[in-house]
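Asker:
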Amino acid sequence: MSLTISNNQLTALAANFGTPLYVYNADKITDQYQLLQHAFKGVNAKFFFACKSLTNINILKHIRSLGCNIDCSSINEAKLAVLAGFNPSNILYTSNGIAFEEIEEAVGLGINVNIDSLSNLEKFGKKYGHGYPVGIRLLPNIMAGGNLKISTGHDKSKFGIPLEQLDSILNLVKQYQINIAGLHVHTGSEIKDVAVFMQVADIFFELVPLFPELVFLDLGGGFKVPYKENETGTDIALLAEKVQAALIRLNEQYGRNFQVWFEPGKYLVSESGSFITTVNVIKKNKAAIFVGVNSGFNHLIRPMFYDAYHKIDNISNPEGPIQHYAVVGNICETDTFAWDRPLNEVREGDLLVFNNAGAYGFEMGSNYNSRFLPAQVMLKEGQVHLIRKRDVFEDLLRNQINID
Ligand code: PLP
Numbered sequence: 079m080s081l082t083i084s085n086n087q088l089t090a091l092a093a094n095f096g097t098p099l100y101v102y103n104a105d106k107i108t109d110q111y112q113l114l115q116h117a118f119k120g121v122n123a124k125f126f127f128a129c130k131s132l133t134n135i136n137i138l139k140h141i142r143s144l145g146c147n148i149d150c151s152s153i154n155e156a157k158l159a160v161l162a163g164f165n166p167s168n169i170l171y172t173s174n175g176i177a178f179e180e181i182e183e184a185v186g187l188g189i190n191v192n193i194d195s196l197s198n199l200e201k202f203g204k205k206y207g208h209g210y211p212v213g214i215r216l217l218p219n220i221m222a223g224g225n226l227k228i229s230t231g232h233d234k235s236k237f238g239i240p241l242e243q244l245d246s247i248l249n250l251v252k253q254y255q256i257n258i259a260g261l262h263v264h265t266g267s268e269i270k271d272v273a274v275f276m277q278v279a280d281i282f283f284e285l286v287p288l289f290p291e292l293v294f295l296d297l298g299g300g301f302k303v304p305y306k307e308n309e310t311g312t313d314i315a316l317l318a319e320k321v322q323a324a325l326i327r328l329n330e331q332y333g334r335n336f337q338v339w340f341e342p343g344k345y346l347v348s349e350s351g352s353f354i355t356t357v358n359v360i361k362k363n364k365a366a367i368f369v370g371v372n373s374g375f376n377h378l379i380r381p382m383f384y385d386a387y388h389k390i391d392n393i394s395n396p397e398g399p400i401q402h403y404a405v406v407g408n409i410c411e412t413d414t415f416a417w418d419r420p421l422n423e424v425r426e427g428d429l430l431v432f433n434n435a436g437a438y439g440f441e442m443g444s445n446y447n448s449r450f451l452p453a454q455v456m457l458k459e460g461q462v463h464l465i466r467k468r469d470v471f472e473d474l475l476r477n478q479i480n481i482d
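Following my numbering, the numbering of the sequence shown begins with 79 at its first residue and continues without gaps.
Next up, the structure:
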């Protein structure tokens with residue numbers, strides 16, 4: 079099992095499959111899952127991979143083979159999970175702002191559902207009464223996460239039912255005898271501070287007596303992974319220790335045996351992914367030396383979307399003298415991957431690799447500017463697998479209807 083992909087390997091993959099190219103190391107995903115398992119051994123914890131971060135069916139099957147569960151953000155993701163072989167009881171659908179029909183479909187699939195509005199909770203109660211256990215997503219009014227765009231638990235966020243509306247939740251539960259099996263809070267992404275998770279646990283602590291049929295307490299995803307050199311991620315061992323202590327207290331106090339659920343996305347797949355691009359053009363102006371690669375925010379939107387940082391390596395000239403560059407994409411908009419970034423001297427034709435590109439990279443890709451989505455390759459136990467072909471011209475027209 080190899081946890082890193084060497085520059086030689088990346089160069090060979092670029093030569094074989096062309097660029098831009100996403101490469102995923104399945105062994106690294108395995109390792110991340112095992113780290114979680116190890117840290118939480120002895121804790122009644124279940125992990126659901128937040129597959130919004132990466133849905134290629136081969137990745138999903140690999141994650142299933144590890145014994146991990148899956149968290150979905152749309153009914154189509156849930157259907158992909160079924161297709162990948164997940165048992166319905168291991169699939170969770172954490173919905174937000176969806177039509178009630180999607181919840182009905184989810185119930186039809188027999189999967190776990192978290193509801194995030196009073197309106198859908200009421201429809202759910204009317205239709206299913208006590209017949210189908212369900213979770214509720216709460217808005218805890220906690221500001222957490224890497225930046226505002228990836229913070230989802232603060233008081234201006236659209237997610238979840240605000241805690242201030244607890245009375246309304248309880249009225250609906252009583253009126254329709256709804257079987258509340260779980261409480262869910264996802265405060266955001268890239269949460270380094272373990273205390274944030276424990277703040278949510280404290281909230282759950284107070285709510286537990288109000289929901290006598292509770293089975294699980296879902297603390298969501300959001301574990302931070304290091305994107306920059308010298309950065310550290312969430313201290314998973316410390317988190318496990320604190321969660322274990324809280325669970326023991328909770329179980330003792332209420333004479334119950336609660337499960338704690340987590341929905342890691344980035345933690346499982348971010349570091350497994352590398353995105354290889356080729357330098358098309360180098361040009362200078364008064365502000366910068368621009369390195370124009372054969373990609374753009376249509377393939378990796380995180381830097382433009384929420385100022386995300388991806389470490390970039392020039393694997394074609396790893397010993398070259400360091401210079402500062404603006405690394406830009408070829409989309410006809412402002413399209414900056416990195417500004418004033420120290421890199422080994424870059425020449426046209428060099429391969430630039432974006433690290434930590436496994437989560438929310440390909441997944442947020444588009445055909446903007448009528449460009450092709452890249453191919454995806456998975457490395458697993460020494461084998462190379464092409465898991466998605468690069469688009470071809472016909473793909474751009476696939477669903478268009480030519481009315482002439
Ligand atoms: N769960 C929910 C409900 C989410 O919205 C997200 C991502 O935004 C996640 C889990 C996964 O977050 P992360 O990839 O930061 O672990």
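Yeah, the Cβ is synthetic: ideal placement off N, Cα and C, and Gly gets one too.
1) Hey, is Asp271 close to the ligand PLP, as in C-beta under 7 angstroms from one of its heavy atoms?
2) Is Tyr387 near the ligand PLP, judged by its Cβ being under 7 angstroms from some heavy atom?
3) How big is the Cα-Cα spacing for Ile400 and Lys157?
4) May I ask whether a heavy atom of the ligand PLP can be found less than 7 angstroms away from the beta carbon of Tyr194?
5) My understanding is that Ile360 touches Phe368, with C-beta atoms under 8 angstroms, so please give their C-beta distance in whole angstroms.
6) Is DSSP giving Ala123 helix, strand or coil here?
7) Alpha carbon to alpha carbon, what distance is there between Asp245 and Asn122?
8) Asp149: beta carbon under 7 angstroms from a heavy atom of the ligand PLP?
9) Comparing C-alpha positions only, which one of Leu430, Leu196, Glu307, Phe383 sits nearest to Gln243?
10) Skipping 5 residues on each side, what residues in its chain have a beta carbon closer than 6 angstroms to that of Gly374?
11) Starting from Lys362, trace the beta strand (DSSP E) in both directions and tell me its first and last residue.
12) Is Glu426 near the ligand PLP, in the sense that its beta carbon is under 7 angstroms from a heavy atom of that ligand?
13) Identify which residue in Gly439, Ser152, Tyr403 has its Cα closest to the Cα of Asp418.
14) Between which residues of its own chain and Lys130 is the CB-CB distance below 6 angstroms, once the five residues before and five after are set aside?
15) In the DSSP assignment, the alpha helix (DSSP H) including Ile141 goes from what residue to what residue?
16) Between the alpha carbons of Ile189 and Gly370, how many angstroms are there, rounded?
17) Using 8 angstroms as the threshold, is the stretch 453-464 in touch with the stretch 131-138, meaning 3 or more CB pairs across them?
18) Between which two residues does the alpha helix (DSSP H) containing Ile393 stretch?
19) Could you check whether Asn422 and Asn445 sit closer than 8 angstroms to each other, using their CB atoms as the reference points?
20) What are the boundary residues of the alpha helix (DSSP H) that includes Gly62?
21) Exposed or buried, which one is Ile44 when buried takes at least 16 other CB atoms within 10 Å?
22) Within 8 angstroms, do at least three Cβ pairs link the stretch 461-476 to the stretch 423-431?
23) According to the neighbour-count rule (16 or more other Cβ atoms, all chains shown, within 10 Å of its Cβ), is Leu475 buried or exposed?
24) Among residues of its own chain, excluding the 5 on either side of Gly207, which ones have a beta-carbon nearer than 6 angstroms to its beta-carbon?
25) Quick one: grab the DSSP three-state call for Asn192.
26) Beta carbon of Glu268: closer than 7 angstroms to some heavy atom of the ligand PLP?
27) Which value, in whole angstroms, describes the spacing of the CA atoms of Val185 and Leu170?
28) For Arg215, which beta-bridge partners are listed by DSSP?
29) Let me check you understand the geometry: is the CB of Ala318 closer than 7 angstroms to at least one non-hydrogen atom of the ligand PLP?
30) Would Ala315 and Ala117 qualify as a contact pair, given that the criterion is a beta-carbon distance under 8 angstroms?
31) Indicate the three-state DSSP secondary structure (helix, strand or coil) for Asp296 in the structure shown.
32) Is the Cβ-Cβ distance between Lys389 and Ser267 less than 8 angstroms?
33) Short of 7 angstroms in beta carbon distance, which residues of its chain neighbour Leu328, apart from the five on each side in sequence? Order them along the chain.
34) What does the Cβ neighbour count give for Phe471, buried or exposed, with the cut at 16 atoms within 10 Å?
35) Under the criterion of a Cβ to heavy atom distance below 7 angstroms, does Pro218 qualify as lining the ligand PLP?
36) Leaving out five residues on either side along the sequence, give the residues of the same chain with a beta carbon under 6 angstroms from the beta carbon of Asp109.
Answerer: Well, looking at it:
1) Taking the first residue of the sequence shown as 1, we reach residue 271 at position 193. In this structure, the C-beta of Asp271 stays at least 7 angstroms away from each heavy atom of the ligand PLP.
2) Here the question's residue 387 lines up with position 309 in the sequence shown. For Tyr387, the shortest C-beta to heavy atom distance toward the ligand PLP is 7 angstroms or greater.
3) The sequence position of residue 400 within the sequence shown is 322, counting from 1. The sequence position of residue 157 within the sequence shown is 79, counting from 1. Those two C-alpha atoms are separated by around 48 angstroms.
4) For this step, residue 194 is matched to residue 116 along the sequence shown. The question names Tyr, but residue 194 in the sequence shown is Asp. Every heavy atom of the ligand PLP is 7 angstroms or more from the Cβ of Asp194, so no.
5) As a position in the sequence shown, residue 360 is number 282, starting the count at 1. As a position in the sequence shown, residue 368 is number 290, starting the count at 1. Going by Cβ atoms, the distance from Ile360 to Phe368 rounds to 7 angstroms, so yes, they are a contact pair.
6) Taking the sequence shown and counting its residues from 1, the one referred to as residue 123 is at position 45. In the structure shown, the three-state DSSP call for Ala123 is strand.
7) Numbered from its first residue, the sequence shown carries residue 122 at position 44. Numbered from its first residue, the sequence shown carries residue 245 at position 167. Between the C-alpha atoms of Asn122 and Asp245 there is a straight-line separation of about 30 angstroms.
8) Walking along the sequence shown from the start, residue 149 turns up at place 71. For the ligand PLP, at least one heavy atom lies less than 7 angstroms from the Cβ of Asp149.
9) On the sequence shown, position 165 is the one that residue 243 refers to. Selected option, being the one with the closest Cα: Leu196.
10) Residue numbering aside, residue 374 sits at position 296 when the sequence shown is read from its first letter. Cβ within range, chain order: Gly407, Asn408, Ile409, Asp413.
11) Sequence index remark: in the sequence shown, residue 362 carries index 284 (1-based). Lys362 -> beta strand (DSSP E) spans 351-362.
12) In the sequence shown, counting from the first residue as 1, residue 426 sits at position 348. The answer is no for Glu426.
13) Along the sequence shown, read from residue 1 onward, the residue named residue 418 stands at position 340. With distances taken between CA atoms, Asp418 lies nearest to Tyr403 out of Gly439, Ser152, Tyr403.
14) Walking along the sequence shown from the start, residue 130 turns up at place 52. So the list reads Ser151, once near-sequence residues are dropped.
15) Counting from 1 along the sequence shown, the entry for residue 141 is found at position 63. Note, Ile141: alpha helix (DSSP H), 135-143.
16) Numbered from 1 along the sequence shown, position 111 holds the residue referred to as residue 189. Numbered from 1 along the sequence shown, position 292 holds the residue referred to as residue 370. Roughly 45 angstroms separates the two Cα atoms.
17) Proximity of the stretch 453-464 to the stretch 131-138 meets the contact definition, three or more beta-carbon pairs being nearer than 8 angstroms.
18) Against the sequence shown, residue 393 aligns to sequence position 315. It is not in any alpha helix (DSSP H) - Ile393 carries neither H nor E in the DSSP assignment.
19) As a first step, residue 445 is located in the sequence shown; it is residue number 367 there, counting from the start. As a first step, residue 422 is located in the sequence shown; it is residue number 344 there, counting from the start. With respect to Asn422, Asn445 sits apart: the two C-beta atoms are not nearer than 8 angstroms.
20) This structure does not reach residue 62, given that the chain is present from 79 up to 482, and the question cannot be answered.
21) For residue 44 there is no data in the structure shown, the boundaries of the chain being 79 and 482.
22) The stretch 423-431 and the stretch 461-476 do not touch, with fewer than 3 CB-CB distances between them shorter than 8 angstroms.
23) Along the sequence shown, read from residue 1 onward, the residue named residue 475 stands at position 397. By the neighbour-count criterion, in which a residue is buried when 16 or more other Cβ atoms sit within 10 angstroms of its Cβ, Leu475 is exposed.
24) In the sequence shown, residue 207 corresponds to position 129, counting from 1. Cβ within range, chain order: Tyr254, Gln255.
25) In the sequence shown, counting from the first residue as 1, residue 192 sits at position 114. Judged by DSSP in its simplified three-state form, Asn192 adopts strand.
26) Counted from its first residue, the sequence shown places residue 268 at position 190. Inclusion of Glu268 in the 7 angstroms shell around the ligand PLP follows from its C-beta lying nearer than that to a non-hydrogen atom of the ligand.
27) Residue 185 sits at position 107 when you count from the first residue of the sequence shown. Residue 170 sits at position 92 when you count from the first residue of the sequence shown. Val185 and Leu170: Cα-Cα distance of roughly 11 angstroms.
28) Reading the sequence shown from its first residue, position 137 is the one you call residue 215. The secondary-structure analysis by DSSP pairs Arg215 across a beta bridge with His262.
29) Counting from one through the sequence shown, the residue named residue 318 turns up at place 240. Incorrect: Ala318 has no Cβ contact closer than 7 angstroms to the ligand PLP.
30) Start at 1 with the first residue of the sequence shown, and residue 315 comes out as number 237. Start at 1 with the first residue of the sequence shown, and residue 117 comes out as number 39. In contact: Ala315 and Ala117 (Cβ atoms closer than 8 angstroms).
31) Locating residue 296 in the sequence shown gives position 218, counting from the first residue. If DSSP states are grouped into helix, strand and coil, Asp296 belongs with the strands.
32) As a first step, residue 389 must be located in the sequence shown, where it is residue number 311. As a first step, residue 267 must be located in the sequence shown, where it is residue number 189. Against a cut-off of 8 angstroms, the Cβ pair of Ser267 and Lys389 comes out as no contact.
33) As a working note, residue 328 is residue 250 in the sequence shown. Contacts found: Phe283, Val286, Phe336.
34) Mapped onto the sequence shown, residue 471 falls at position 393. So Phe471 ends up on the exposed side.
35) In the sequence shown, residue 218 corresponds to position 140, counting from 1. False, no ligand heavy atom lies under 7 angstroms from that Cβ.
36) Counted from its first residue, the sequence shown places residue 109 at position 31. So the list reads Leu81, once near-sequence residues are dropped.
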